[in-house]
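Engineer:
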Amino acid sequence: MKSLIAALLLTLATSAAQAGECSKNAISAATALYKINNASEVVTKVNSKLSGKEHIDEGMYVFTYDIVVENKSYPSTVYRISVVNDSVCTVMKFEMPFAG
Numbered sequence: 077m078k079s080l081i082a083a084l085l086l087t088l089a090t091s092a093a094q095a096g097e098c099s100k101n102a103i104s105a106a107t108a109l110y111k112i113n114n115a116s117e118v119v120t121k122v123n124s125k126l127s128g129k130e131h132i133d134e135g136m137y138v139f140t141y142d143i144v145v146e147n148k149s150y151p152s153t154v155y156r157i158s159v160v161n162d163s164v165c166t167v168m169k170f171e172m173p174f175a176g
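In the working numbering, the protein residues as written are 77 to 176.
1. Cα separation between Lys100 and Tyr141?
2. For Val144 versus Val154, is the C-beta distance shorter than 8 Å?
3. What did DSSP end up calling Arg156 once you bin it into helix, strand or coil?
4. Who are the Cβ neighbours of Gly130 in its own chain at under 6 Å, not counting the five residues just before and after it?
5. Tell me which same chain residues have a C-beta within less than 6 Å of the C-beta of Gly128, skipping the five on either side of it?
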């Protein structure tokens with residue numbers, strides 16, 4: 077079930093039609109994936125910040141976000157998602173420690 081939900085969330089993140097919505101959708105999907113894969117943890121706070129921007133083609137950039145998760149079980153955890161901010165918002169890379 078977790079795999080199915082995770083696949084659906086990544087599909088939603090990659091199907092954003094508006095380039096301006098790409099970052100927001102990618103961060104929302106990454107946060108939801110973290111919560112699904114770590115359901116036993118009590119997440120107290122989630123912060124995200126842009127940690128990298130790489131120009132790959134005319135009008136296309138790869139944005140990398142560090143997402144810091146604070147919870148009661150572990151010290152703050154950083155995981156990362158990289159997306160191409162174009163018309164289809166393609167998820168390039170997803171790094172998530174403690175994934176179930």
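Cβ coordinates follow ideal geometry from the N, Cα and C atoms, glycine included. The structure displayed is predicted, hence computed values, not measured ones.
Structural biologist: Looking at the atomic coordinates:
1. Here residue 100 corresponds to residue number 24 of the sequence shown, with the count starting at 1. Here residue 141 corresponds to residue number 65 of the sequence shown, with the count starting at 1. Linking Lys100 to Tyr141 through their CA atoms gives a straight-line distance of about 11 Å.
2. Locating residue 144 in the sequence shown gives position 68, where the first residue counts as 1. Locating residue 154 in the sequence shown gives position 78, where the first residue counts as 1. Yes. Within cutoff.
3. To locate residue 156, count along the sequence shown from 1; it is residue 80. Correct three-state label for Arg156: strand.
4. Within the sequence shown, numbered from 1, the residue matching residue 130 stands at position 54. First, the amino acid is wrong: residue 130 is Glu here, not Gly. Excluding its 5 nearest sequence neighbours in each direction, Glu130 has C-beta neighbours in its own chain below 6 Å: Val138, listed in chain order.
5. Locating residue 128 in the sequence shown gives position 52, where the first residue counts as 1. For Gly128, where only same-chain residues beyond five positions count, the Cβ hits under 6 Å are Thr140.
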